[in-house]
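Participant:
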Amino acid sequence: MALPLFKPQLDPGPDFASLLATRGIQGISENAATMSPHGTTVLAIRYRDGVLMAGDRRATAGHAIEHRAMEKVFAADRYSAVAISGSAGMALEMVKLFQVQLEHYEKVEGVTLSLEGKANQLAQMVRTHLPMAMQGFIVVPLFCGFDLAKNTGRIFTYDPTGGHYEETDFQATGSGGRDARTTIKLGYRDNLDVDEAVELAVLALYEAADADSATGGPDMVRGIYPLVACVSNQGYQRIDDAEVARRFEEAIERRRELGGAAGGSLR
Amino acid sequence: MSMPYYVAPEQIMKDRAEYAQKGIARGRSLIAAIYNQGVVLVAENPSKTLHKISEIYDRIAFAGVGKFNEYDQLRVAGVRHADLKGFQFSRSDVDARSLANLYAQYLGNVFTHEMKPLEVEILVAELANEQRPTQLFHVAYEGTITDEGEWAVLGGEAETIRQNFAGRFDASWELDAAVKACVAALAGTERTLGPEDLEAAMLSEGNGRRTFERLDDATIATLLGAS
Chain U
1 MALPLFKPQL DPGPDFASLL ATRGIQGISE NAATMSPHGT TVLAIRYRDG
51 VLMAGDRRAT AGHAIEHRAM EKVFAADRYS AVAISGSAGM ALEMVKLFQV
101 QLEHYEKVEG VTLSLEGKAN QLAQMVRTHL PMAMQGFIVV PLFCGFDLAK
151 NTGRIFTYDP TGGHYEETDF QATGSGGRDA RTTIKLGYRD NLDVDEAVEL
201 AVLALYEAAD ADSATGGPDM VRGIYPLVAC VSNQGYQRID DAEVARRFEE
251 AIERRRELGG AAGGSLR
Chain E
1001 MSMPYYVAPE QIMKDRAEYA QKGIARGRSL IAAIYNQGVV LVAENPSKTL
1051 HKISEIYDRI AFAGVGKFNE YDQLRVAGVR HADLKGFQFS RSDVDARSLA
1101 NLYAQYLGNV FTHEMKPLEV EILVAELANE QRPTQLFHVA YEGTITDEGE
1151 WAVLGGEAET IRQNFAGRFD ASWELDAAVK ACVAALAGTE RTLGPEDLEA
1201 AMLSEGNGRR TFERLDDATI ATLLGAS
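Same order as they appear, the protein sequences are chains U and E.
Residue numbers for the first sequence follow our numbering, so the first one is 1 and each next one is one higher.
Residue numbers for the second sequence follow our numbering, so the first one is 1001 and each next one is one higher.
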């Protein structure tokens, strides 16, 4: 590998994807089997100190379960997180490229991108992926982060054409997204604390798994639980698996007592 | 017909070396040294935005002295090289040795083939991992590369600072002792340097994946103040 030096007029700047293109590497791979694994339900909820993100762990190919322990929520950088649903291979590649892109910009320029800048970058990646989306390999990320300038958590959703929209309070995508969204809608209020937000995320994923066959619920036999993480002014922090497991066990115990019904108060 | 001047190759090289050394000597110096948690890099640099010390990758830092635009171009090329390599292969495949070699080849090439040599001296520092020990690669303006295990001095007054620093060095010292010794060696006997004259950063084991961390003025002041 030679030292990547460029003439000033050909310099790719801090954009890692253009830098890859100078090497003839396409950031997002173009080959995939027709029955590629799909990742399913991910969600984001804004709470008092920032924003929380959670995702189930199942990847499906058609009606079969491909992976039981796939992770779909990632730290994009210190103050933002990205979650993916859709064609798993390409979505993971997009996340990897996105993570490197943010770090690359930060190192080359010496400053971090604004949260909106990061959201725009991701939109451009989703748009570049559009030809593959037209062939059925749809990747729909969910992006959130803590905006240090505005001192608040923010959530951005995407459509397959790269359109991105800022959500005010919460959002969920993927095949179980609708059930998750409805659950959050019923339990959401302003200024949730982190415990309440985790609780709501756990219930939303429980409902999504309950109604959608492609969404994985808590796997108590293997000890695999959905991934929950929060982004606040302290940065990205993954909630401990044992804590998530405890929350699910409590929720399930309440359901058992009520014979499977949610019990009206969402608890 | 006029005859082209003949200049002996020895003379050309000597002139170029002198030119580069003069350029480097105009700038301020820098010290990198290991301490009990990693590597600390301290430079005399009154600017808070035009950095001499920067992050290249998870466990690799870059430092340059001499002409800013020249070493900054090398820094950006280094970040690009490292990110490309890490993306194509794996993050653990990115190592300082190969990067330092690329720098050495480039600097050597420019020195022999271009009109003007680069007026820079650079350092690529890597924090130890399971496969490699901590190493400091020092690359001079003409492409000479040396690897130092414990500490290195870059810049015009390197020789004096080296003598100043050699007696103070202790591989197992804490961060504050290391920073104090670096600053004392940079300042020499006739000056004192405060946080506003300094730039400092470290590659530290406690920082997670990205080990690089800049030390701000307040932190430097605390480190210098602690006895």
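From the three backbone atoms N, C-alpha and C, an ideal C-beta is built for every residue, glycine too.
Every value quoted in this text rests on a predicted model; they were computed, and no experiment measured them.
Grab the span of the alpha helix (DSSP H) containing TYR1103 of chain E for me, first residue to last.
Facilitator: Element bounds for TYR1103 of chain E: 1096-1113.
Participant: Give a yes or no on whether 7 Å exceeds the smallest Cβ distance from VAL108 of chain U to chain E.
Facilitator: Output row for VAL108 of chain U: interface = yes.
Participant: With respect to the alpha helix (DSSP H) encompassing GLU1130 of chain E, which residues constitute its N-terminal and C-terminal limits?
Facilitator: Taken as a continuous stretch (DSSP letters only), GLU1130 of chain E belongs to no alpha helix (DSSP H), as it is neither H nor E.
Participant: Any heavy atom of the ligand MG closer than 6 Å to the beta-carbon of THR183 of chain U?
Facilitator: Judged by which ligands are present, the structure shown has none, so any question about the ligand MG falls away.
Participant: Look at the alpha carbon of ALA75 of chain U and the alpha carbon of GLY55 of chain U, and state the distance between them as a whole number of angstroms.
Facilitator: Distance between the alpha carbons of ALA75 of chain U and GLY55 of chain U is about 13 Å.
Participant: What residues are listed by DSSP as bridge partners for TYR1071 of chain E?
Facilitator: Paired residues: none, contrary to the question.
Participant: Considering only C-alpha positions, which residue in the set E:GLU1018, E:GLU1044, E:GLY1206 is nearest to ASP1197 of chain E?
Facilitator: Of the listed residues, the one whose Cα sits closest to ASP1197 of chain E is E:GLU1044.
Participant: Considering only the alpha carbon of each residue, which of E:VAL1076, E:TYR1106, E:ALA1177, E:LYS1022 lies closest to GLY110 of chain U?
Facilitator: Checked all of E:VAL1076, E:TYR1106, E:ALA1177, E:LYS1022; the closest Cα to GLY110 of chain U is E:VAL1076.
Participant: Hey, how far is the Cα of ILE1031 of chain E from the Cα of LEU92 of chain U?
Facilitator: Distance between the alpha carbons of ILE1031 of chain E and LEU92 of chain U: 41 Å.
Participant: Could you name the residues that DSSP lists as bridge partners for TYR105 of chain U?
Facilitator: For TYR105 of chain U, which the question treats as bridged, DSSP gives no partner whatsoever.
Participant: Give the residues of chain E in contact with LEU3 of chain U, contact being defined as C-beta atoms less than 9 Å apart.
Facilitator: Under the 9 Å cutoff, chain E gives LEU1074, ALA1077, GLY1078, ARG1080, HIS1081, LEU1099, LEU1102, TYR1103, GLN1105, TYR1106.
Participant: Going by DSSP, what residue range makes up the alpha helix (DSSP H) through ALA201 of chain U?
Facilitator: Per DSSP, ALA201 of chain U belongs to the alpha helix (DSSP H) from 194-211.
Participant: Would GLY1023 of chain E and LYS1052 of chain E qualify as a contact pair, given that the criterion is a beta-carbon distance under 7 Å?
Facilitator: The answer is no: Cβ separation not under 7 Å.
Participant: Quick one: is ILE1056 of chain E buried, meaning 16 or more other Cβ sit within 10 Å of its Cβ, or exposed?
Facilitator: ILE1056 of chain E comes out buried.
Participant: Looking at the secondary structure, which residues open and close the alpha helix (DSSP H) in which THR22 of chain U lies?
Facilitator: Note, THR22 of chain U: alpha helix (DSSP H), 16-22.
Participant: Is there a Cβ of chain E sitting closer than 7 Å to that of LEU19 of chain U, yes or no?
Facilitator: Yes, because at least one Cβ of chain E sits closer than 7 Å to the Cβ of LEU19 of chain U.
Participant: For ALA201 of chain U, tell me which candidate among U:GLY162, U:GLU243, U:TYR105, U:TYR165 has the shortest Cα-Cα distance.
Facilitator: Considering only alpha carbons, the answer is U:GLU243.
Participant: Let's test the definition: count the other Cβ atoms within 10 Å of the Cβ of HIS1113 of chain E and tell me whether it reaches 16, buried, or not, exposed.
Facilitator: With fewer than 16 Cβ atoms within 10 Å of its Cβ, HIS1113 of chain E is classed as exposed.
Participant: Which chain E residues are close to VAL231 of chain U, counting only those with a beta carbon under 7 Å from its beta carbon?
Facilitator: Ordered by position in chain E, no residue passes the 7 Å Cβ test against VAL231 of chain U, which lies about 16 Å from the chain.
Participant: Sort out for me which residues DSSP pairs THR41 of chain U with in a bridge.
Facilitator: Note: THR41 of chain U sits in no beta bridge, so no partner.
Participant: What's the C-alpha gap between ARG1026 of chain E and TYR1071 of chain E?
Facilitator: About 14 Å.
Participant: Under 7 Å, do TRP1151 of chain E and TYR1035 of chain E count as touching if we go by C-beta distance?
Facilitator: Not a contact, by the Cβ cut-off of 7 Å.
Participant: Is there a C-beta anywhere in chain E that falls below 7 Å from the one on HIS104 of chain U?
Facilitator: It does; some Cβ of chain E falls within 7 Å.
Participant: Let me know the secondary structure DSSP gives VAL82 of chain U once reduced to three states.
Facilitator: Here VAL82 of chain U sits in strand by DSSP.
Participant: Spatial neighbours of ARG247 of chain U within its chain, please: C-beta separation below 7 Å, excluding the five flanking residues on both sides.
Facilitator: Answer for ARG247 of chain U: VAL198, GLU199, VAL202, listed in chain order.
Participant: Take the Cβ of GLU30 of chain U as the centre, count every other Cβ of all protein chains shown within 10 Å, and call the residue buried at 16 or more, exposed below.
Facilitator: Reliability fails at GLU30 of chain U, whose pLDDT of 46 lies under 50, so the model's placement of it is uncertain and the value that follows must be treated cautiously. Result: exposed.
Participant: Tell me which residue opens and which closes the alpha helix (DSSP H) that ARG332 of chain U is part of.
Facilitator: Lying outside 1 to 267, the shown extent of chain U, residue 332 of chain U is not represented and no answer is given.
Participant: Ignoring anything shorter than 4 residues or poking outside the region 1142-1176 of chain E, list the alpha helix (DSSP H) runs there in chain order.
Facilitator: Counting only runs of 4 or more, we get 1158-1166.
Participant: Return no unless some Cβ of chain U is closer than 7 Å to the Cβ of GLU1157 of chain E.
Facilitator: For GLU1157 of chain E, the answer is no, since every Cβ of chain U falls outside 7 Å of its Cβ.
Participant: Going by beta-carbon coordinates alone, are ALA245 of chain U and TYR206 of chain U separated by less than 7 Å?
Facilitator: No, Cβ-Cβ distance for ALA245 of chain U and TYR206 of chain U is not below 7 Å.
Participant: What's the C-alpha gap between GLN171 of chain U and VAL231 of chain U?
Facilitator: When rounded, the distance between both Cα atoms is 15 Å.
Participant: Given that a residue counts as buried once 16 or more other Cβ atoms are within 10 Å of its Cβ, and exposed if not, what is GLY136 of chain U?
Facilitator: Exposed.
Participant: With the cut-off set at 7 Å, would you say GLN101 of chain U and GLN121 of chain U are in Cβ contact?
Facilitator: Yes, they are a contact pair.
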